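These notes concern the structure reproduced below.
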Amino acid sequence: MAGEADNTSRNSNMFSNLTLYDLNGDKVKMNIGALVFIGILMILGLLGNINTIFIYLNRYKPSNYRTFILCLAIVDLATCCFSMPVSLIILRFPLMFPYDKACQGFYFFTLSMCIGSSLILVTIAADRYRKICVPHGAQISVRMAKYICILDLLLASAFSWPSIILFGNERYEIPKHNVNGTGCYYNDEFRNTNYPAKYNYFLLFILLVTFVALLLIYVLIGKRLLHIQRKGRSNIQLSEQTETRHMDIRNLVYTDNSSTTESQKTSVARHHMTETSEVSRCLSSPDGEANIRPFPCEEDITSIPLKQVNRKQLLKLKGRRSVTINKILLIITIVSFVSFLPNLFLTIITLEHDDFLSKLSFTETSVYQIFSGSFYIKNVAFPIIYGLYDTKFIKETRKLYSFIVPPCFKG
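Basically the numbering used here = 1-based index in the sequence shown + 21.
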């Protein structure tokens, strides 16, 4: 009798496990879209961020811009290496995820990286503001920029620590099939409380505050750049009038003194070389970015002969790089904000309405899972943005992979 009871119990357990496996398989079918979506993002993110790190590390001179871009790329690469693979495992085993600590670590790490990248974007905006709007004030050094990146990530970890408590293995009771499943979501202890919703509202608040702050900073930067461009145009007109008078005087002098000694020619050539070097110094700053400080540079430019240098072209070159950098960083900010919103709103809706997911159809659930992973888009989009707007990045990428192109197609 005891043997028969054991066999019955064993068969019942096998049936329960098999049923749970089948139910898990049904759930996975709804997650196929999200699995493919995140899988593609993971591959693109790995390739794009490795390429970004290599090029900015080896082809760009040390600067704050380079430091911040490298920091963002490392954060994105870490997300592609850890968060995305764990997301795929969670989607593959929605009712059979047994690793409680891995679940907690996943949410803590992923939130830390998301918040950290947002704080780094705020730091970048503040740095750009000081360079352009307060050019003669104290600036962030390259070394300080590295420390600030680390501080941003530590602060993000402090904001993310509640996830260690709130998240973990959640049990799913399926009375119809007499089985219990486990998934990676909120801990059973907090599932029916308002703490998860409060925490998500807190995350939404952080996101909105950072985005508003970033928009305000970039509006101020844009106004300053417009002011500099207008001032540059007025300086060009004044400079051209002054140079015309100087050239008239020089023509009179050259007419009266038609014979110029060889030593005088050499002296003039040296003088022109010195002025040309002054132009180079004005156009580029030590950190590899365009120098936006208008006042000293304008004095240098107006002292250079018109036939040596085209002033209008120089002033355009001086501001072009800075405008490009600001455009790149503004687009990155918008993409980061937009990609994070769907996941956050869906999470809040799910917490506020307990029956929200149960009412969704098969197709609606598939779409829900895809949008839940939308925050990973920014980890892939950043390298694409650099490739679209940073001409130096495009040039260096082409150089790096030129060996792939057959010789007959080059040139």
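Built from N, CA and C at the ideal position, the CB exists for glycine as well.
Just so you know, these numbers come straight off a predicted model, no measurement behind them.
Contact check for V344 against K399 fails: the beta carbons are separated by 8 Å or more. Its chain contains S104 as the residues whose beta carbon lies nearer than 6 Å to that of T131, once the 5 sequence neighbours on both sides are disregarded; these appear in chain order. The continuous alpha helix (DSSP H) containing F383 extends over residues 383–393. Here the segment 108–119 lies against the segment 45–55, with 3 or more beta-carbon pairs under 8 Å apart.
In the structure shown, V200 adopts extended strand secondary structure according to DSSP, grouped into three states. By the Cβ neighbour-count rule, M165 is exposed, with fewer than 16 other Cβ atoms within 10 Å of its own. Taking 8 Å as the cut-off, the beta carbon of F414 is found closer than this to the beta carbon of Y407.
The shortest CA-to-CA distance from F211 to any of F226, I186, N221 is the one to I186.
Every alpha helix (DSSP H) of 4 residues or more that sits fully in the segment 82–122 is shown, in chain order, as 85–99, 105–113. One Cα belongs to L350, the other to Y128, and the distance between them is close to 27 Å. With a beta-carbon spacing of about 7 Å, A55 and S393 fall inside the 8 Å limit used to define contacts. Looking at K122, D97, R251, the one whose alpha-carbon comes closest to that of L67 is D97. Under the three-pair Cβ rule at 8 Å, the segment 168–176 does not count as touching the segment 377–390. Under the DSSP assignment, R192 falls in the beta strand (DSSP E) whose first and last residues are 188–195. Shown here, Y206 sits in a strand according to DSSP, grouped into three states. Counting the other Cβ atoms within 10 Å of the Cβ of P217 gives 16 or more, which makes it buried. With three or more CB-CB distances shorter than 8 Å, the segment 221–238 counts as touching the segment 359–370.
With a 10 Å radius around the Cβ and a threshold of 16 neighbouring Cβ atoms, Q390 comes out buried.
Take I136, set aside five residues on each side of it, and the residues of its chain with a beta-carbon closer than 7 Å to its own are A177, F180, S181, I227, in chain order.
Taking S395 as reference, the option from L62, D43, I53 with the minimal CA-CA separation is L62. Annotation: A123 to G189 spans about 8 Å, alpha carbon to alpha carbon. Straight through space, the alpha carbons of L224 and I242 are spaced by roughly 27 Å. Between N85 and I161, the C-beta gap is smaller than 8 Å, which places the two residues in contact.
Taking C-alpha positions only, Q125 is separated from N208 by approximately 9 Å.
The beta-carbon distance between L44 and I195, rounded to whole angstroms, is 7 Å. This is short enough to meet the 8 Å contact definition.
Counting every other CB atom within 10 Å of its CB across the protein chains shown gives E373 a total below 16, marking it as exposed. The three-state reading of DSSP puts N364 in helix, counting H, G and I together. In the DSSP assignment, N400 falls within the alpha helix (DSSP H) that extends over 398–410.
Secondary structure note for Y422: it is in no alpha helix (DSSP H), with a DSSP letter that is neither H nor E. The shortest CA-to-CA distance from I59 to any of F75, T88, T100 is the one to T100.
The Cβ atoms of G69 and I405 sit closer than 8 Å to each other.
C92 counts as buried, since no fewer than 16 other beta carbons sit within 10 angstroms of its beta carbon. By the criterion of a C-beta distance shorter than 7 Å, D173 is surrounded in its chain by G137, L140, I141, T144, once the five residues flanking it on both sides are discounted.
Under the rule that a run must span 4 or more residues, no alpha helix (DSSP H) segment is found entirely inside the segment 131–169.
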